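These notes concern the structure reproduced below.
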Amino acid sequence: MAVSDGAVTVAGPAGYCIDRTASRDGADGAFVLFGTCAALSGGRGAAQPARPAVLTASVSRGAPEDGSLPDSFASMTAFFRSAPGRAALSRSGRADTVEVAEAVRAGDVLYLRLNDRSAATGQAVEPEYWRAILALRGRMVTLSALGLSDRPLSSAEKRRVLEAMVARMRASNAGAE
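Using the numbering used here, the first residue of the sequence shown is number 4, and each one after it goes up by one.
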């Protein structure tokens with residue numbers, strides 16, 4: 004799905020498809036929700052990972068054009084660990100519901116392992132999830148991998164599917180910046 008005036012193509016890893024009814028793209032940014040292709044199509048023959056997750060992508064303007072986003076990872080991590088930062092991460096907007104359990108830099112991607120005890124709208128998801136922050140084509144991209152409450156995933160499984168999504172996003176946006 005092309006978003007942000009066509010600047011970025013959002014794509015998920017194998018077995019995941021875009022829920023177009025829940026996704027939006029506008030002047031203030033884009034939000035894209037992914038589910039398994041089988042769940043979204045209702046077809047038994049559609050692709051589905053053995054251990055499904057809920058994936059999201061948010062795309063907004065404002066990434067540095069010069070590739071310097073990783074220079075900001077230390078200050079971003081400090082912000083996300085502060086009360087205003089945890090409130091920004093919280094599904095309820097309340098800092099006391101979020102814990103930043105881990106922050107890991109992997110090249111030009113910042114990975115955050117978070118625990119959000121706020122209630123989620125839509126499908127019931129586990130409190131713990133992984134988020135990736137990176138820049139693509141001058142846009143800030145935030146990707147998340149959440150396990151379903153009734154089909155929990157290990158932290159490592161969520162991180163692996165998120166890393167696969169980062170790789171797919173990079174491949175889908177390769178070429179002229």
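We put the beta carbon where it would ideally sit given N, CA and C, even for glycine. Since we're looking at a predicted model, the values are computed, not measured.
Counting along the chain, the unbroken alpha helix (DSSP H) around S44 starts and ends at 40–44.
By the Cβ rule, the segment 91–102 does not count as touching the segment 72–79, because fewer than three pairs are nearer than 8 angstroms.
Boundaries of the beta strand (DSSP E) around T59: 56–64. Per the coordinates, the alpha-carbon of G150 lies some 31 angstroms from the alpha-carbon of D8.
By the CB criterion at 9 angstroms, R84 and M143 fall outside the cutoff. Around the Cβ of Q126, a 10 Å sphere holds fewer than 16 other Cβ atoms; the residue is exposed. With a minimum length of 4 residues, the unbroken runs of alpha helix (DSSP H) contained wholly in the segment 79–167 fall at 86–92.
Counting along the chain, G29 sits inside the beta strand (DSSP E) bounded by residues 27–29.
Contact between the segment 40–56 and the segment 13–32 is present: 3 or more CB-CB pairs across the two stretches fall below 8 angstroms. Rounded to whole angstroms, S158 and A41 show a C-alpha spacing of 23 angstroms. Proximity of the segment 29–37 to the segment 128–140 falls short of the contact definition, fewer than three beta-carbon pairs being nearer than 8 angstroms. Nearest to D153 by alpha-carbon distance, out of G46, L43, S26, V57, is V57. E131 counts as buried, since no fewer than 16 other beta carbons sit within 10 angstroms of its beta carbon. Rounded to the nearest whole angstrom, the CA to CA distance from L165 to E68 is 24 angstroms.
By alpha-carbon distance to V11, the top candidate from A106, G45, S61 is S61. Around the beta carbon of T124, fewer than 16 other beta carbons sit within 10 angstroms, so the residue counts as exposed.
Looking at the backbone, the Cα of M168 and that of A90 are separated by about 25 angstroms.
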